[in-house]
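The sequence shown begins at 1 in the numbering used here and counts up by one. Glycine included, C-beta positions come from ideal geometry on N, C-alpha and C. Keep in mind the model is a prediction, meaning the values are calculated, not measured. Have a look at the structure below, then the notes.
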Amino acid sequence: MADSKKLRRLAWLEGIRIFAAVFLLFYHAQLLFTKYAFTPQPTGLVANLQQLFSATRQLGDSWITQVLSLPVWFGYQFVDVFVLVSGFSLVLSLKGKPIEVGRFLKRRLLRILLPFWTVAWLSYPILWLIGKSTNSYIPDAWHTFAGMSFPILFDYGGDLLLPTSGPWWFVPLIISFALIFPVLWYLINRWGSRNLLIVSIVITFVYRAFAVYIFQGHPTYAIVSAAAGWQPFVHFISKLSTFVLGMVIARQYSQGKGVIFWRSSRALLVGLGLYLIGFVAQFYRFGWIFDDFFLAVGLTLCCMVVFRFLSDRLNLGSVMVWLGLHSYSYFLIHNFVVDRTLNLYVQNQLPLYYQVLPWMVFGTLALAIVADLITPWIEKTAIALWHYTDARLTPIAKIGWIPKVGEAVVYRGKPGWIIQKVEQVVHDKAFYLCRISNGQKTVWVNQNDLKRDLALQVK
């Protein structure tokens, strides 16, 4: 029973992921179609509400479309939901085991970069063809190289990725959190959840105060004149407390306590209260210090209630898990679909805009599924190419023994490997490639990387 409950809770988490990705599609589509008619300004609640209702009138006279369009203006808030969910998910990925830093970083970075590379390498040729055939925008050669070789050309603000896709600024951010997670995990176990959370909140709020009043910056969702622009707010320090809170919640969850186990009514009331504080704060310069934190917590609690209901009561858990698996690729692709569809096809036609919205949603999902199907093949090809290159560039040592099938060997200092297949390669001098397995993993390696397991042979 405990395992089934855990699966359902993970299902609602995946539901939040895909919902956030789809909502960001609606957000970017609405901004682009209305030519950024509304973004929060530090002019107070009343002035922003007036501007909000005025901008919404551009989306039609029907009260239904206007009501549905109102929350879409605030879709950017799901970026911070992604940050909180990321901290939560990274803790769960440890499965209660001690962290092996090298293996953890390799696994997490590849989970971020492999889908990104798939989307990037497939997108640039398609964007070039669309641009040439329609005489529309094509990323220039420099930024194309930056995107295809990322993160070789890495900058924390993602400036080199923006000319390809605006939302890609988020990728360096999640890489930053993956890199600092082992340090945060060490501190959370050494200091305790409460102390680390307090320290992270102080660091984040003090930094954001500097970002607003000293650095003269503004949050990513606001378009105002500021000396530093949005750069101070794309650094991981500006969202550190949100990420750490996700870690704390996950740690409590693994111990069978915390907000995940709250009754739905309590979670909804607390979530709405925190969200309201953040919602009002985002319209004031002082509020930029703490609004993202409250918005992320409040919105995530409300979404948890909704998607837990959909998972438990309507038995949609398996659907949400399947959709959630494609949420990252969906996020990476959605802006391509929105930008080209609206600029090349819809333009300023409101009826056509509403007609293509569902097509953009499901079309992006289809592309995300295709990208995720291709990603493992790209990974296998890259690994095979690396092993091929490594085998031929590694200096050939004199063969001191001939490997045999079934022989026990030591690989990278670890015993327990058995040779399953041996192939001789002629390259100046003969050497051997061996397929070895430890029962869990099978790899092809150069004989020079192996040693005979003499201890096992003596036994």
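| Asked | Found |
| --- | --- |
| Identified DSSP bridge partners for Val72 | Its beta-bridge partners do not exist; DSSP assigns none. |
| Pairwise C-alpha distance: Leu129 and Val259 | 49 Å |
| Candidates Val248, Tyr137 and Gly158: closest to Gly186 by CA position | In the sequence on display, residue 186 carries Tyr and not Gly. Ranking the options by Cα distance to Tyr186, first place goes to Val248. |
| Arg57 (DSSP reduced to helix, strand or coil) | helix |
| C-alpha gap between Gly273 and Gly298, whole angstroms | 7 Å |
| For Ser437, three-class secondary structure by DSSP | strand |
| For Trp230, the three-state DSSP class (helix, strand or coil) | coil |
| Sheet register partners of Ala408 (DSSP bridge) | Ile418 |
| CB of Thr34 within 8 Å of CB of Gln58, strictly | yes |
| Beta-carbon gap between Ser329 and Pro139 smaller than 8 Å | no |
| Backbone secondary structure at Glu100 - three-state DSSP | coil |
| Cutoff 8 Å: Ser200 Cβ touching any chain B Cβ | Checking the listed chains, one finds no chain B in this structure; it contains a single protein chain. |
| Cβ contact (3+ pairs, closer than 8 Å) linking the region 120-135 and the region 89-101 | no |
| Nearest-angstrom beta carbon gap, Phe293 and Ser241 [assumed within contact, 8 Å] | 6 Å |
| Rounded straight-line distance, which links the Cα of Ala408 to that of Gly157 | 49 Å |
| Residue from Trp73, Phe26 and Trp417 whose Cα sits closest to the Cα of Tyr221 | Trp73 |
| N-terminal and C-terminal residue of the beta strand (DSSP E) that Lys451 is part of | Leu450 to Arg452 |
| Straight-line Cα distance separating Ile289 from Lys239 | 11 Å |
| Sequence-distant residues of its chain with Cβ nearer than 7 Å to Thr375 (five each side left out) | Leu114, Pro115 and Thr118 |
| For Phe528, the residue or residues it bridges with in DSSP | Since the displayed the chain opens at 1 and closes at 459, residue 528 lies outside it and no answer follows. |
| Reduced DSSP secondary structure (H/G/I, E/B, other) of Thr381 | helix |
| Where Lys459 falls: helix, strand or coil (DSSP) | Summary for Lys459: the model assigns pLDDT 49, below 50, so the residue's position carries little reliability, and this model does not support an answer. |
| C-beta atoms of Tyr411 and Val422 nearer than 8 Å | no |
| Inter-residue Cα distance where the pair is Phe170 and Phe233 | 11 Å |
| Per-residue burial, Ile237 [other beta carbons within 10 Å of its own, 16 or more giving buried] | buried |
| Three-state secondary structure assigned by DSSP to Asn446 | strand |
| Beta-carbon spacing of Phe307, Trp12 below 8 Å | yes |
| Where Gly462 sits in the DSSP three-state scheme | Residue 462 lies beyond the range of the chain shown here (1 to 459); nothing can be said about it. |
| The region 47-57 touching the region 207-227, judged by at least three CB pairs closer than 8 Å | no |
| Coarse secondary structure for Gly317, derived from DSSP in three states | helix |
| Rounded Cβ spacing between Val338 and Leu122 (contact assumed at less than 8 Å) | No, Val338 and Leu122 are not in contact; Cβ-Cβ is about 17 Å, not under 8 Å. |
| Residues that DSSP places opposite Gly217 in a beta bridge | Gly229 |
| Backbone CA spacing between Asn65 and Leu350 [nearest angstrom] | Asn is not the amino acid found at residue 65; the sequence shown has Thr there. If you take the alpha carbons of Thr65 and Leu350, they lie about 11 Å apart. |
| Member of Tyr253, Ile18, Ala29 and Tyr36 whose CA lies at the smallest distance from the CA of Met360 | Ala29 |
| Contacting residues, own chain, Cβ-Cβ under 7 Å from Lys6 (five flanking each side not counted) | Annotation note: pLDDT 48 at Lys6 (below 50); position unreliable, no value reported. |
| Assigned exposure category for Asp80 - 16 Cβ within 10 Å defines buried | buried |
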